[in-house]
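Participant:
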Amino acid sequence: MMHHHPHHPWPLPSSPTPLLLPFLLSLFLSSFLPPSFSDVHYLQLYKACSTTRQFSCGNRIISFSYPFRHQESPPQCGYPDAALSCNDTDHTLTIDIGNKPYRVKDDNIDSATNLVTVVDRDFVGNPCPRPSETTTLGPAPFEYTDDDVNATFFIDCPANLPSPLVSISCLENIAAGRRSYYWLGNGRLPYGQMNTCEISFVQVPTTRTAFDQSTTYGEDYAEALQEGFTLKWPAEIAVWCSACNGSGGVCGYESSKPTCFCSDGSATDGSCHKRSHIKKIIIIGSVAGPVGFVLVCVALFLYRTSEIYFPHWVYEHLDRDGDLEAYDVTAETEEIARKMIMVGLWCIQTMPPSRPSMSRVVEMLEGRVGGMEMPPKPYLSSPRRPVVVTSSSS
């Protein structure tokens, strides 16, 4: 029984030589897929970073979410300055920031407010800490809060330095006539005298309220430092990670940016759905039999046929809104085929400026056929060239 379709049927012209098909398909795969799409490396990260985000610390279970990661997991499972571990001595939660360990105050990471308070491990339990290096944060993901303030320290200075410097009584060496000070940023500094300090301009963040409660003579500065300082991270990180997880991916961080690792061995800075769709285009084209192979070839290459220049035939069929239903192709496969052919016709444009960039090709493959602009008709002449006859007259 004959089936009638509203569109023009798609009679396929002569197929390319069968021996060329594997070669052409391999060219297609290497042209359209960056190595990361099928890289085993990303599949390993997908599996490694899929593990439960919790671990034991003392008699407690520490649960956490992205952007944090466990210190023993691959570094790509979270942000560089968000590695968590359990301190072996006091069994408290530790985070490494700028390659320096900090205690997480109260073992609390507040994912609801995106806040965490940390204390320099050198200050914990120390009745008279002696800051020796400036605290630095990495480029991401943490930022200081409005309640944080930098206390600037000047250690082991000669004689007495005037206000606004605050003397630290427990670091005094009266016999040697040496004193240490901190400054909270208000008032003018006696720069000339501070050059003789053993350590100058060491900045350590703390909460403004903690130092406001410190006495005039600095006896309570140790307690102020042990209050630590509060860090925040952008709420957009959780939104992005939720989208990644919702697409079946696992949140990570690579090449200095958030990266979604997908179960098919690909990686993207968005979600896994679109990347998987591109791979589906290739899979359908490669396993759909002779029709599928021809569709793959159409998208990228020019062929000679016995009757018509192939790109012209394809273009005219698309322009007439021809379909593939006569070949038992589903609507979804037909849309994918049309998308591949449209991209292929763009890629073979005679004028180089008209050809899309690789990023634009990916955008077209990710989008819908209805939103794609019809490319100009290929202007290459038919591969069948006429024989030129020349004559000369005497």
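Numbering (mature numbering (1 follows the signal peptide of the UniProt record, and there is no 0)) for the sequence shown: -38 to -1, 1 to 356.
Glycine included, C-beta positions come from ideal geometry on N, C-alpha and C.
Whose C-beta lies closer than 6 Å to the C-beta of P318 among residues of the same chain, with five residues either side of it excluded?
Facilitator: Position 356 of the sequence shown holds residue 318. W308, listed in sequence order.
Participant: Would DSSP call Y28 helix, strand or coil?
Facilitator: Residue 28 sits at position 66 when you count from the first residue of the sequence shown. Residue state, collapsed to three classes: coil.
Participant: Between the alpha carbons of G87 and H53, how many angstroms are there, rounded?
Facilitator: The residue labelled residue 87 in the question sits at position 125 within the sequence shown. The residue labelled residue 53 in the question sits at position 91 within the sequence shown. So the alpha carbons of these two residues sit roughly 14 Å apart.
Participant: Would you call G20 buried or exposed, if buried means 16 or more other Cβ atoms sit within 10 Å of its Cβ?
Facilitator: Here residue 20 is taken as the residue at index 58 of the sequence shown, counted from 1. Exposed, by the Cβ-count rule.
Participant: Closer than 6 Å by C-beta to A186: which residues in its own chain qualify, once you throw out the five before and the five after it? Chain order, please.
Facilitator: Translated into the one-based positions of the sequence shown, residue 186 becomes position 224. Once the five neighbours on either side are set aside, the close Cβ partners of A186 are T168, A172, F173 and S176.
Participant: Taking a contact to mean a Cβ-Cβ separation below 8 Å, would you say C234 touches G214 in this structure?
Facilitator: Within the sequence shown, residue 234 is the residue found at index 272, counting from 1. Within the sequence shown, residue 214 is the residue found at index 252, counting from 1. Not closer than 8 Å, so no.
Participant: With the cut-off set at 8 Å, would you say V78 and D72 are in Cβ contact?
Facilitator: In the sequence shown, counting from the first residue as 1, residue 78 sits at position 116. In the sequence shown, counting from the first residue as 1, residue 72 sits at position 110. Yes.
Participant: Between which residues of its own chain and D231 is the CB-CB distance below 8 Å, once the five residues before and five after are set aside?
Facilitator: Walking along the sequence shown from the start, residue 231 turns up at place 269. If we look at D231 and ignore the five residues flanking it on each side, its Cβ neighbours are K219, P220, T221 and C222.
Participant: With a 10 Å radius around its C-beta and 16 neighbouring C-beta atoms as the bar for buried, classify Y153 as buried or exposed.
Facilitator: For the purposes of this step, residue 153 is taken as the residue at position 191 of the sequence shown. So Y153 counts as exposed.
Participant: Is it buried or exposed for G190, if we count other Cβ within 10 angstroms and need 16 for buried?
Facilitator: For the purposes of this step, residue 190 is taken as residue 228 along the sequence shown, with counting starting at 1. G190 is buried by the Cβ-count criterion.
Participant: Does the stretch 31 to 39 come within contact of the stretch 91 to 100, defined as at least 3 CB pairs closer than 8 Å?
Facilitator: Short answer: they don't touch.
Participant: Please classify N70: is it buried, with 16 or more other beta-carbons within 10 angstroms of its beta-carbon, or exposed?
Facilitator: Walking along the sequence shown from the start, residue 70 turns up at place 108. Result: exposed.
Participant: Quick one: is G40 buried, meaning 16 or more other Cβ sit within 10 Å of its Cβ, or exposed?
Facilitator: Residue mapping note: residue 40 aligns to position 78 of the sequence shown, counting from 1. Burial call: buried.
Participant: Verify whether the separation of the beta carbon atoms of I199 and P103 is less than 8 Å.
Facilitator: Start at 1 with the first residue of the sequence shown, and residue 199 comes out as number 237. Start at 1 with the first residue of the sequence shown, and residue 103 comes out as number 141. Against a cut-off of 8 Å, the Cβ pair of P103 and I199 comes out as a contact.
Participant: Can you list, in chain order, the residues of its chain whose CB lies under 7 Å from that of residue 357, leaving out five sequence neighbours each side?
Facilitator: With the chain running from -38 to 356 in the structure shown, residue 357 is simply not present.
Participant: Can you tell me the Cα-Cα spacing of R140 and R150, whole angstroms?
Facilitator: The count along the sequence shown starts at 1 and reaches residue 140 at position 178. The count along the sequence shown starts at 1 and reaches residue 150 at position 188. In a straight line, the C-alpha of R140 is about 21 Å away from that of R150.
Participant: For F17, which residues of its own chain have a beta-carbon under 6 Å away from its beta-carbon, when the five flanking residues on both sides are left out?
Facilitator: For the purposes of this step, residue 17 is taken as the residue at position 55 of the sequence shown. Correct list, in chain order: I24 and H32.
Participant: Run the CB neighbour count on T114, radius 10 Å, all protein chains shown included, and call it buried at 16 or more, exposed below.
Facilitator: Here residue 114 is taken as the residue at index 152 of the sequence shown, counted from 1. Per the 10 Å Cβ criterion, buried.
Participant: Which runs of the alpha helix (DSSP H) spanning at least 4 residues fall entirely within the stretch 168 to 221, listed in chain order?
Facilitator: DSSP runs (the alpha helix (DSSP H)) wholly in the stretch 168 to 221: 170 to 174, 183 to 188 and 197 to 208.
Participant: Would a C-beta distance cut-off of 8 Å place G227 and V2 closer than the cut-off?
Facilitator: Here residue 227 refers to the residue found at position 265 of the sequence shown. Here residue 2 refers to the residue found at position 40 of the sequence shown. In this structure, V2 lies closer than 8 Å to G227 by Cβ.
Participant: Assuming L133 contacts Q155 under a Cβ cut-off of 8 Å, what Cβ separation, rounded to an integer in Å, is found between them?
Facilitator: Start at 1 with the first residue of the sequence shown, and residue 133 comes out as number 171. Start at 1 with the first residue of the sequence shown, and residue 155 comes out as number 193. The Cβ separation is near 17 Å, so there is no contact.
Participant: Looking at the structure shown, is V86 part of a helix, part of a strand, or coil, going by DSSP?
Facilitator: Residue 86 sits at position 124 when you count from the first residue of the sequence shown. The answer is coil: DSSP assigns V86 none of H, G, I, E or B.
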